[in-house]
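Following: one structure in structure tokens, then a few remarks.
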Amino acid sequence: MYSLGSTSSPDDDSVPDPAIQSISLPAPPTPSNRRLNLPSLPCAFASSSIAPSSAQRPCIPYWVVRHVPGKTEERPWGGRPVGERAPVRADDALREFWDDRGWVVRAGGVSRQTEDFLANYDPPTPDPLEVDPVPIRPRFDWRLRAISREKAKPDKKRKHKRRIAPQQTVLQEHEPYYHTVHRYSEHFNGLLDAEIAAEEAVLHQRLSTWSTERLSEEGYCLTDMTAFWLEEKHLGRRTATFTRGPGVQLPENRFESGTQVLVSRIDPLTDEPAKGSLISRTPLQLKVSFPDQVEFDSPELEGAWRLDLGHSSLVHNRMREAINHLHRDVRSQEAVMATDREETLNGTHLRDVILRGKDQGDMNENVETSGVFRDNQLIYSWAKRYMRPNPVVVEGDPVIDGLNATQVRAMAQMIAERFSLVQGPPGTGKTKTIIETIKLLKVHFETPQPILVCTYTNVAVDNLVEGFVAAGVNPIRVAFGGKTRASLEPYTYEYKMQNHPLYSQAEKVSETIKELEGEVKDTSIRAKEVAKKVNDGRTNLAQRLDGMLTAIAKREDRIQAKRAQWYALTQQMTKDVLGEADVICTTCLTAASRVLEATDFPVVFLDEASMSTEPASLVPLMKGSRHVALIGDHKQLPPVIVSQIAKSNQLDRSLFERLIVEGIVPSIMLDIQYRMHPAISAFPSLEFYGTNSGGNILSRLAPPNSQHLTKDGNGDRPSVVFLDHAGEESSKDRSRVNWNEAHIVASVVEDLLLTNPELTGDDIGIIAPYAAQISLLTRLFNVNARYKQRFEIVLGEHRAMQIKDIEIKTVDGFEGREKEIIIFSTVRNNAGGHIGFLADRGRLNVGLTRAKRGLFIVGSISTLRKGRSVETAKEETGAVAWRNFAQYLVKEGRVSRIGGMKLQQAIYGHLRAARRDPPLLDSGVVETRI
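Residue 807 in the UniProt record's numbering sits at position 807 of the sequence shown, and the numbers go up by one each step.
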């Protein structure tokens, strides 16, 4: 029998603390069954001047008893002193403590169920070979210092535990959450099936019904491409370059880095296409990588090729895997089995939070909400004090510059709570808040273990990486397929790997493997020839054949050994690279990459959380997460879903939105915007958030010069104007286009570049809700020869070169982005007031909040004031928002009617002035020439 030793009161070293009683326990299964002498340990931060009084108590080691199906285990616990998570004091001496892995812990007493167990407990006789004498310790100790903050020598080899696949420990039917997880999985897997079917149908319909000319015109297809292999590989994959010929520019297309490419001779529906991934593009060529197993009818890629945009099920497979990981028992995976190895974590400790709103029957309402940083009283004390409206500032607190009070409270909430939500309306500094939070944790508190930060889009990931670098945080950007901004290459995983001291050694091993594989291939070919001769009766060659087969077997053994060596080297390199980072940045779906299996991510921040479907949001959480912050804004764009079945069952509702609506998880909304001129933010703030987001009129937000922005009686120029015209819309390929509006948009751009010398093309963004209008505007600005000539006449040849830098995208393409000037082409103009696809509150919100200095909306005010939608209730709310916006514009005097002579002047005034043409006559007819 063993006793839990007592300790002394900090107030009087000679007086035993009555709160600490002796607990008599049976002998634990140790190799020699001898008494263990466990010394008293001080609390980690008992001497801290800012630690709460409850932490300034003595701490003791303790026994733990674990109840698992079919058996009960008991072991000494020496890794975490009592008092760190739950201080030992007189008023909670009989309190029962639960560690995150299910170990029952008692200080000063034993529960009834434990007493019953102990009364009948017969300690097993352990096998000395199976007993680990090292006490079980938690995998993460948040009191340690980050490896990334150590000044280690570059060539110092760090020791890492060997990572092994987790045991298949899943929920059993009698366990909590089993039925809830089962229903959850069935629901979302069915919706993913529907979405995959819808996406494949769209691709097949496009390839089977559209002509090659239309596919090419819309940018979905590139024909008459020539190709050649590159010597270097991309991430171990063969890479080919596709061009139209030396110096020949490719036509406008939708091929972007990371997209799947179908490569065929004539038609991907009749040929068997090779599937590759676009890793980079220039105006002259595309680089596509292919798996080694992909074969072409011409090994050297001779002849002409056709490239089509494809569809990949990889994203859906990763979502399914994440959903299935909810069945996994991550607590048993996290148990330390030995000192030299550990299981890769597949699952989350936050299953109760994710599922609580799904099925209240299995849920415990008395859930501990504190996160992992409660183990570090320095951090937790700061977080609890700064969560208050009036924070308690203590000497030694870090100085946080550039954030308002709400942003600081959001930081504190994300640090203190195990699961938290931060809603950030447009321009309120969501990204800045994330960066400063991680900077505080990593640079000031120097917390261990890299933090995983994910977003939905690669553009947003790159923005975060740039912010982290500027803030002095050490990021690693994980992306594949050429999706990273070139300027961020030094911070990419690939770059770090190539500059690792072991890289050259790994490359030599890789070359040896290739040589051995070549030898095996050559010997196998010769062996086949000899075997054929032996079978034809030439038995004298049998010994030679045996020798060749033996040589092949030996080389294959060497190949296996070299592959194991190469794997060990790359794993060492990967663990070094990831372990030395403060933060790992990637997209939600790339978080499932095998590269990231080299470490665990108990702390996860998810930006743009409102843009991800719920299954996509689960992907980064299934790597052992136990502390998560979701940052987003469900009042902006929802996830993009193709299937109407999936939409009707709310696959287009994010995990962020669901948790916000349920109101179970702690949340906070940022309330001061910094992006826009207050006149631009006024309507969105009131309409979508019911607040006044404020904002100062800074000199950098001054409205631009424009013939459409007329000064008022006070000499102030407005930042918002609606250009009302009478040009009707027309249908094109199941989309909508408005030619008159396109010409007005071009004239606004021309006027801005002419009258604002400081503006560049990159400062201007053009938004349109319809693909046909995007295509039309793109052709006018980048292809149309008459417009090219016109811009050069009006702006001059050098200034006209800025036109190519103007971004023309749908609303979705500008999510999370901002521009000095935004021109919003609404397209819809009809007598019935039907606005169709335009009727989306989220898209209206995003469209109106991308501009910093000037917002030009082009359309029909009468159509928008009617704002009719005959679709879903969700679209009806969007139509209402447009009607409200139109009324707001009229009330504020922001509508400028351009027709007749005014329209002629708007479109052709600068051109005629540059040509010195005679004055325009008010004929009431719009000229058709450019």
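Beta carbons: idealized from backbone N, C-alpha and C, even for Gly.
Small disclaimer: the values here were computed from a predicted structure and weren't measured.
Taking C-beta atoms as the reference points, phenylalanine 290 and valine 353 fail to come closer than 7 Å.
Short of 7 Å from the beta carbon of alanine 460, and not among the five residues preceding or following it, lie these beta carbons of its own chain, in chain order: Asp607, Glu608 and Gly816.
One alpha carbon belongs to asparagine 324, the other to phenylalanine 480, and they sit about 25 Å apart.
Glutamate 818 has its alpha-carbon roughly 17 Å from the corresponding atom of alanine 682. Within the DSSP secondary-structure output, tryptophan 305 pairs in a beta bridge with Met225.
Counting of Cβ neighbours within 10 angstroms places phenylalanine 791 among the buried residues, the total reaching 16 or more. Excluding the 5 residues flanking it on each side, threonine 755 has same chain C-beta neighbours closer than 6 Å at Asn705, in chain order. Closest in C-alpha terms to serine 277, from the list Gly245, Leu314 and Arg477, comes Leu314. Per the Cβ contact rule, the stretch 413–430 is not in contact with the stretch 552–565 (fewer than 3 Cβ pairs under 8 Å). Remark: C-beta atoms of isoleucine 857 and phenylalanine 814 do not approach each other more closely than 7 Å. For phenylalanine 255, the secondary structure class from DSSP, reduced to helix, strand or coil, is coil. The beta-carbon separation of glycine 836 and serine 869, rounded to 7 Å, stays under the 8 Å limit for a contact. Rounded to the nearest whole angstrom, the C-alpha separation of leucine 578 and arginine 351 is 26 Å. In the three-state DSSP reduction, proline 620 falls in the helix class (H, G or I).
The Cβ-Cβ distance between leucine 421 and serine 667 falls below 7 Å. By the Cβ test, the stretch 551–558 is not in contact with the stretch 428–447, since fewer than three Cβ pairs between them sit closer than 8 Å. By the Cβ neighbour-count rule, valine 661 is exposed, with fewer than 16 other Cβ atoms within 10 Å of its own. Around the Cβ of glutamate 515, a 10 Å sphere holds fewer than 16 other Cβ atoms; the residue is exposed. For alanine 240, the enclosing beta strand (DSSP E) starts and ends at 238–243. In the three-state DSSP reduction, aspartate 724 falls in the strand class (E or B). Between the alpha carbons of valine 408 and tyrosine 386 lies a gap of roughly 7 Å. Taking 7 Å as the cut-off, the Cβ atoms of leucine 307 and valine 248 do not count as close. Counting along the chain, histidine 179 sits inside no beta strand (DSSP E); it lies in the alpha helix (DSSP H) bounded by residues 178–209. Separation of tyrosine 184 and leucine 355 (C-alpha to C-alpha, rounded to the nearest whole angstrom) is 8 Å. Taken atom to atom, the span from the alpha-carbon of glycine 715 to that of proline 918 is near 31 Å. A straight-line Cα-Cα distance of about 34 Å links glutamine 565 and leucine 618.
When secondary structure is reduced to three states using DSSP, lysine 635 falls in the coil class, being assigned neither helix nor strand.
When DSSP reads this structure, glutamate 436 sits in no beta bridge, so it has no partner.
Residue pairing by DSSP places glutamine 423 opposite Gly632 and Met669 in a beta bridge. For isoleucine 164, same chain residues with a beta-carbon under 8 Å away, outside a window of 5 residues either side, are Arg341, Glu342, Glu343 and Thr344 in chain order. Just so you know, the alpha carbons of valine 628 and isoleucine 525 end up roughly 56 Å apart.
Isoleucine 766 and leucine 848 have their C-alpha atoms spaced approximately 12 Å apart. For glutamate 342, the secondary structure class from DSSP, reduced to helix, strand or coil, is strand. The beta carbons of leucine 864 and threonine 826 sit about 7 Å from each other, so the pair counts as a contact at 8 Å.
Straight-line measurement puts the Cα of arginine 897 at about 5 Å from the Cα of aspartate 724.
In the three-state scheme derived from DSSP, where H, G and I count as helix and E and B as strand, phenylalanine 688 is classed as helix.
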